[in-house]
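Presented below is the structure to which this report refers.
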Amino acid sequence: MTDAIKSGLRKGLTSYGDPGFSLFLRRVFIKAMGYSDDALDRPIIGIINTYSDFNPCHGNVPELVEAVKRGVMLAGGMPMAFPTISIHESFAHPTSMFLRNLMALDTEEMIRAQPMDAVVVIGGCDKTIPAQLMGAASANIPAIVVPTGPMLVGHHQGEVLGACTDCRRLWGQFRAGDRTEAEMDEISGRLAPTKGTCMVMGTASTIACMVEALGMSLPGSATIPATHADRIRVAEASGAAAIRLARDGLTPDKIMTKAAFRNALTVLQAIGGSTNGLVHFTAIAGRLGIEIDMDEFDRLGLDVPVLVDLKPSGQHYMEHFHWAGGVPRLLRELGELIDGTQITVSGGTLADSAAAADMVKGQEVIRSRANPIHQGGGLAVLRGNLAPRTAIIKRSAASASLLQHEGRAVVFDSLADMDNRIDSDDLDVQADDVLVLRNAGPRGAPGMPEAGYIPIPRKLARQGVKDMVRISDARMSGTAFGSIVLHITPEAAIGGPLAMVRNGDRIRLDAQARRIDLLVSDEELAARAAQWTAPAEPAGAERGYLRLFLDQVTQADQGCDFAFCIPKAK
Ligand code: FES
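The opening position of the sequence shown corresponds to residue 28 in the numbering used here, with each subsequent residue numbered one higher.
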């Protein structure tokens with residue numbers, strides 16, 4: 028086959044042993060859709076449609092697909108939408124992270140299997156864009172991301188509400204007896220008032236901002252509200268951009284370079300973003316053979332101040348960030364901390380995006396480096412005898428008084444154990460203890476759920492305790508806050524030191540020194556390790572996707588990708 032017949036409809040023919048017949052058959056079937064020969068001879072732009080009745084964060088996808096199609100056609104191409112898995116945070120059992128790699132496999136294989144010269148991926152809810160970029164990186168055809176965009180804020184009794192930072196805060200008040208069930212029913216209709224992704228700087232917003240800084244979406248894509256007309260217009264522009272990317276052969280590996288990932292991680296620190304951003308971008312980078320150096324990321328945190336004043340670290344919401352200038356303005360404020368020479372899907376460089384920023388006067392959402400929210404970045408990488416391969420803490424969402432703390436361990440052996448005992452009046456717990464949750468990591472839970480935000484035991488909540496040091500091998504929602512150590516690696520379920528902690532042991536957190544330690548001798552730890560047995564696998568582990576997951580999932584410091592999806596080092 029010549030190169031000339033490897034584009035558009037001619038790409039990746041189905042194997043019948045006769046390429047000419049394969050193409051003929053393809054034309055026969057696709058003409059059943061009513062397409063003309065002229066349409067079928069155009070460059071084909073695939074559009075990934077992740078609409079699902081179970082996914083309100085993607086509720087605007089049908090409109091976005093139509094807008095992308097319009098952009099593709101105006102630029103002379105042929106748009107073809109196709110479905111993949113859609114994942115919503117609260118409609119994914121046991122946890123959305125369990126399904127992220129399945130969505131990445133689906134995305135990669137459907138991009139590869141079907142003929143397209145470029146692909147527009149439309150996603151938004153936490154795991155979707157990471158999965159799509161993992162898949163697109165591996166398929167490595169020109170690609171551009173269109174986030175669904177954030178919801179507008181909610182209102183209740185004169186108070187502005189944001190999903191889901193305020194979901195947690197208000198639920199905490201309900202647990203403490205400060206809100207009635209009737210009021211919570213009313214509030215449930217006000218926290219997520221429009222289609223779109225959570226409008227605080229949670230994981231979805233974090234990922235969208237990082238993707239814009241990575242260069243894989245057009246300027247403004249991260250922050251335009253889901254329901255605003257500009258969201259439709261950026262989708263249309265993304266369709267047109269896909270044609271250009273196809274023409275120029277600008278594949279993801281040319282945009283997602285090591286320096287581009289560094290830019291994205293710089294933005295992660297500057298927005299006080301979700302800890303999940305690190306896990307997901309480690310996985311995306313891993314697909315291209317790029318390793319995220321955790322120590323370098325931590326050093327980045329020392330240089331990069333938190334500049335964006337959004338909940339949960341700050342005060343405002345995504346729509347305010349957008350109207351203050353969004354990611355381009357943030358890039359401008361970050362100045363030389365960003366490598367502006369990196370190219371983007373816009374056809375220019377990141378410096379071009381920053382230069383075109385809307386310099387809104389008097390705005391208070393995006394601070395200057397001379398007046399940051401936090402001097403150091405939001406996230407810090409910890410090590411110690413409890414986390415030989417690192418753990419993470421979101422300092423900007425923690426209580427300053429707990430960043431250096433020593434306390435007695437109160438251990439929960441699993442999520443079920445925590446559910447059963449955390450609210451018991453018999454639980455032996457005090458405000459200065461350290462709550463420990465284990466077997467909630469990538470293999471242990473399985474799927475590393477967002478359970479690291481261990482609730483304050485009810486008897487302490489009633490006494491007014493708002494925060495405690497909590498440590499686990501789980502993740503945490505980007506919308507959560509507290510003095511919480513996450514992603515302890517290796518996890519307990521594979522025999523990491525977290526598995527050896529006993530009730531009453533002393534644990535010391537020193538975020539300044541980047542340490543998390545169990546104050547038990549090496550000899551005692553070794554003796555406990557010799558007695559340790561792995562927890563039983565979950566029901567159903569003998570077959571299917573769960574078996575694949577348990578066999579292949581890597582630890583948090585490798586992005587929890589499947590080992591067989593990470594290219595071998597050359
Ligand atoms: Fe989808 Fe928050 S639940 S972004």
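Beta carbons are placed, not taken as given, at the ideal position from N, Cα and C, and that holds for glycine.
| message | Excluding the 5 residues flanking I138 on each side, which residues of the same chain have their C-beta closer than 6 Å to its C-beta? | response | As a working mapping, residue 138 is identified with position 111 in the sequence shown. Sequence-distant Cβ neighbours of I138 in its own chain, meaning closer than 6 Å and more than five residues away, are V146, A166.
| Chain-ordered residues, beta carbon under 5 Å from a heavy atom of the ligand FES | Proximity annotation: the ligand FES has residues C84, E116, C152, T224, C225, A231 in chain order, each selected because its CB is closer than 5 Å to a heavy atom of the ligand.
| Cβ pair I149, M107 closer than 8 Å | Indexing the sequence shown from 1 puts residue 149 at position 122. Indexing the sequence shown from 1 puts residue 107 at position 80. If you check the CB distance, I149 and M107 do not come in under 8 Å.
| query | Which word fits D280, buried or exposed, when buried means at least 16 other C-beta atoms lie within 10 angstroms of its C-beta? | reply | Taking the sequence shown and counting its residues from 1, one reaches residue 280 at position 253. Answer is exposed; the Cβ neighbour count stays below 16.
| task | For G490, count neighbouring C-beta atoms within 10 Å of its own C-beta (all shown protein chains included) and say buried if the count is 16 or more, exposed if not. | result | Working through the sequence shown from its first residue, we reach residue 490 at position 463. This sequence places Gln at residue 490; Gly is not what is there. Exposure of Q490 is indicated by the presence of fewer than 16 other C-beta atoms within 10 angstroms of its C-beta.
| said: Short of 7 Å in beta carbon distance, which residues of its chain neighbour S265, apart from the five on each side in sequence? Order them along the chain. | reply: Mapped onto the sequence shown, residue 265 falls at position 238. Same-chain partners within the cutoff: V95, G98, V147, I171, V173, L245.
| Option nearest P177 by Cα separation, candidates D153, A158, G185, L36 | What you label residue 177 is simply residue 150 of the sequence shown in a count that begins at 1. When only C-alpha atoms are compared, the closest one is D153.
| message | Given this structure, state the Cα-to-Cα distance separating D320 from S426, to the nearest angstrom. | response | On the sequence shown, residue 320 is found 293 positions in, with the first residue counted as 1. On the sequence shown, residue 426 is found 399 positions in, with the first residue counted as 1. Distance between the alpha carbons of D320 and S426: 27 Å.
| query | With contact counted as at least three CB pairs below 8 Å, one residue from each stretch, are the segment 521–529 and the segment 556–570 in contact? | reply | Yes: the two stretches touch, three or more of their Cβ pairs being nearer than 8 Å.
| query | Taking the C-alpha atoms as reference points, what is the distance between F589 and R465? | reply | As a first step, residue 589 is located in the sequence shown; it is residue number 562 there, counting from the start. As a first step, residue 465 is located in the sequence shown; it is residue number 438 there, counting from the start. About 21 Å.
| query | Cα-Cα, which of E90, V294, T284, V335 is closest to E318? | reply | As a first step, residue 318 must be located in the sequence shown, where it is residue number 291. For E318, the closest alpha carbon among the candidates E90, V294, T284, V335 is that of T284.
| task | Measure the CB-CB distance between P70 and G35 and report whether it falls below 8 Å. | result | Along the sequence shown, read from residue 1 onward, the residue named residue 70 stands at position 43. Along the sequence shown, read from residue 1 onward, the residue named residue 35 stands at position 8. Yes, the pair counts as a contact, with Cβ atoms nearer than the cut-off.
| said: Going by DSSP, what residue range makes up the beta strand (DSSP E) through D133? | reply: Along the sequence shown, one-based indexing puts residue 133 at 106. No beta strand (DSSP E) holds D133; the alpha helix (DSSP H) holding it covers 123–140.
| task | Could you tell me if A31 is buried or exposed, where buried requires 16 or more neighbouring beta carbons within 10 angstroms of its beta carbon? | result | As a first step, residue 31 must be located in the sequence shown, where it is residue number 4. Because A31 sits at a pLDDT of 42, beneath the cut-off of 50, its placement in the model cannot be relied upon, and the following sentence gives the value as read from the coordinates. A31 counts as exposed, since fewer than 16 other beta carbons sit within 10 angstroms of its beta carbon.
| query | Out of R529, R359, L101, which has the shortest C-alpha to C-alpha gap to M386? | reply | Locating residue 386 in the sequence shown gives position 359, where the first residue counts as 1. Ranking the options by Cα distance to M386, first place goes to R359.
| task | Let me know the secondary structure DSSP gives S49 once reduced to three states. | result | Counting from one through the sequence shown, the residue named residue 49 turns up at place 22. If DSSP states are grouped into helix, strand and coil, S49 belongs with the helices.
| Pick from E433, Y344, S423, L454: whose alpha carbon is nearest that of I483? | For the purposes of this step, residue 483 is taken as the residue at position 456 of the sequence shown. Out of E433, Y344, S423, L454, L454 has the C-alpha closest to the C-alpha of I483.
| said: Let me confirm a value: G47 is counted as buried when at least 16 other C-beta atoms fall within 10 Å, else exposed. Which label applies? | reply: Here residue 47 refers to the residue found at position 20 of the sequence shown. Of the other Cβ atoms in all chains shown, fewer than 16 fall within 10 Å of the Cβ of G47; this residue is therefore exposed.
| Using 8 Å as the threshold, is the segment 413–422 in touch with the segment 504–518, meaning 3 or more CB pairs across them? | Yes: the two stretches touch, three or more of their Cβ pairs being nearer than 8 Å.
| message | Buried or exposed, going by whether 16 or more other CB atoms sit within 10 Å of the CB of M28? | response | In the sequence shown, residue 28 corresponds to position 1, counting from 1. Summary for M28: the model assigns pLDDT 35, below 50, so the residue's position carries little reliability, and this model does not support an answer.
| message | Please report the distance separating the alpha-carbon of N447 from that of Y480. | response | The count along the sequence shown starts at 1 and reaches residue 447 at position 420. The count along the sequence shown starts at 1 and reaches residue 480 at position 453. Each residue's alpha carbon lies about 16 Å from the other.
| query | Are G353 and G247 closer than 8 Å when you measure CB to CB? | reply | Within the sequence shown, residue 353 is the residue found at index 326, counting from 1. Within the sequence shown, residue 247 is the residue found at index 220, counting from 1. The Cβ atoms of G353 and G247 sit closer than 8 Å to each other.
| message | With H, G and I counted as helix, E and B as strand and the rest as coil, what does DSSP make of M107? | response | As a first step, residue 107 must be located in the sequence shown, where it is residue number 80. Reduced to three states, the DSSP call for M107 is strand.
| query | Under the rule that 16 or more other beta-carbon atoms within 10 Å means buried, what is E263, buried or exposed? | reply | As a position in the sequence shown, residue 263 is number 236, starting the count at 1. Buried, since its Cβ has 16 or more Cβ neighbours within 10 Å.
| Over what stretch of residues does the alpha helix (DSSP H) that includes G181 continue unbroken? | If you number the sequence shown from 1, residue 181 lands on position 154. Not the alpha helix (DSSP H): G181 falls in the beta strand (DSSP E), residues 181–183.
| task | Evaluate Q159 with the Cβ neighbour count: other Cβ atoms within 10 Å of its Cβ, from every protein chain shown; 16 or more gives buried, anything less gives exposed. | result | Numbered from 1 along the sequence shown, position 132 holds the residue referred to as residue 159. Buried, by the Cβ-count rule.
| Out of T254, L357, I370, L67, which has the shortest C-alpha to C-alpha gap to R37? | Here residue 37 refers to the residue found at position 10 when the sequence shown is read from its first residue. Nearest Cα to R37 within the set T254, L357, I370, L67: L67.
| query | What did DSSP end up calling G571 once you bin it into helix, strand or coil? | reply | Counted from its first residue, the sequence shown places residue 571 at position 544. Residue state, collapsed to three classes: helix.
| field | Contacts around L487, its chain only, beta-carbon distance under 8 Å, and the 5 residues preceding and following it disregarded | value | Counted from its first residue, the sequence shown places residue 487 at position 460. Correct list, in chain order: V456, Q457, A458, M495.
| task | Output the distance between the C-alpha atoms of F308 and R202, rounded to the nearest integer angstrom. | result | Working through the sequence shown from its first residue, we reach residue 308 at position 281. Working through the sequence shown from its first residue, we reach residue 202 at position 175. Those two C-alpha atoms are separated by around 35 Å.
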